[in-house]
Amino acid sequence: MAQEVFWQRKTLSEMTPQEWESLCDGCALCCLHKVEDEDTDEVFYTTVVCHLLDDQNCQCTRYSERTRLVPSCVQLRPEDVSAFHWLPPSCAYRLVHERKPLPEWHPLLSGDPASVINAGASVLSVYEVKDDEIDEDDLIDYVVEEAVFFRSKN
2 MAQEVFWQRK TLSEMTPQEW ESLCDGCALC CLHKVEDEDT DEVFYTTVVC HLLDDQNCQC
62 TRYSERTRLV PSCVQLRPED VSAFHWLPPS CAYRLVHERK PLPEWHPLLS GDPASVINAG
122 ASVLSVYEVK DDEIDEDDLI DYVVEEAVFF RSKN
């Protein structure tokens, strides 16, 4: 019988910091700006991405200082995941929290850090502009009508 991997046998709060960080598939979809309907609390993704995104490798250029440089950047913590209803359905943090399997392109399964990009499941196949190129009041113009890119590609 095959041994269960850590994300199947542990809850998010039981994971070590290294295990927690390794769950991130590097899609950077969380780096897309969102617009929230004040009446319904519904969250809509836009095609506007944070200016700190490296659009070659889909990683934050200033990861360790991102929350200081971008006050609206959210640092995910195990105890907060259930409150992040805006996480895309393909997000490993959300999937593990919901006891669902990781997508086959997840680096923990594929062994390839670029597999999320190669699968077309990253922000690189979605975003149009960086946030330093537009006015925040214009975010509504970049709302994605159909979030087809958030479907898990299991």
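Residue numbers (the numbering used here): 2 to 155. Every residue, glycine too, gets a C-beta built ideally from N, C-alpha and C. From a predicted model like this one, the values you see are computed outputs, not experimental measurements.
Skipping 5 residues on each side, what residues in its chain have a beta carbon closer than 6 Å to that of residue i?
{"i": "residue 74", "result": "67 and 68"}
{"i": "residue 19", "result": "none"}
Considering only residues of the same chain and omitting the five flanking positions on each side of residue i, which have a CB-CB separation below 7 Å?
{"i": "residue 55", "result": "62"}
{"i": "residue 125", "result": "56, 59 and 118"}
{"i": "residue 136", "result": "none"}
Below 8 Å on the Cβ atoms is my guess for residue i versus residue j; work out the distance and round it to an integer in Å.
{"i": "residue 140", "j": "residue 36", "result": "6 Å"}
{"i": "residue 82", "j": "residue 24", "result": "Their Cβ separation, rounded to whole angstroms, is 10 Å, which puts residue 82 and residue 24 out of contact at 8 Å."}
{"i": "residue 8", "j": "residue 79", "result": "Their Cβ separation, rounded to whole angstroms, is 12 Å, which puts residue 8 and residue 79 out of contact at 8 Å."}
{"i": "residue 142", "j": "residue 52", "result": "Not really, about 18 Å apart at Cβ, beyond 8 Å."}
State buried or exposed for residue i, treating a residue as buried only when at least 16 other CB atoms are found within 10 Å of its CB.
{"i": "residue 47", "result": "buried"}
{"i": "residue 26", "result": "buried"}
{"i": "residue 86", "result": "exposed"}
{"i": "residue 44", "result": "exposed"}
{"i": "residue 6", "result": "exposed"}
{"i": "residue 94", "result": "buried"}
{"i": "residue 64", "result": "exposed"}
{"i": "residue 122", "result": "buried"}
{"i": "residue 92", "result": "buried"}
Can you pull the DSSP bridge partners for residue i?
{"i": "residue 36", "result": "45"}
{"i": "residue 11", "result": "None, per the DSSP bridge assignment."}
{"i": "residue 144", "result": "47"}
{"i": "residue 127", "result": "In the DSSP output, where bridge partners are listed per residue, residue 127 has none listed."}
Whose C-beta lies closer than 8 Å to the C-beta of residue i among residues of the same chain, with five residues either side of it excluded?
{"i": "residue 111", "result": "105"}
{"i": "residue 114", "result": "27 and 108"}
{"i": "residue 14", "result": "79 and 80"}
{"i": "residue 145", "result": "45, 46, 47, 48 and 127"}
Taking 7 Å as the cut-off, is the CB of residue i close to at least one heavy atom of the ligand FMN?
{"i": "residue 89", "result": "With respect to small molecules bound, the structure shown includes none, and the ligand FMN cannot be examined in it."}
Next item on the list: At 3 residues or longer, and completely inside the region 40 to 102: list those beta strand (DSSP E) runs for me, N to C.
Entry: 44 to 50
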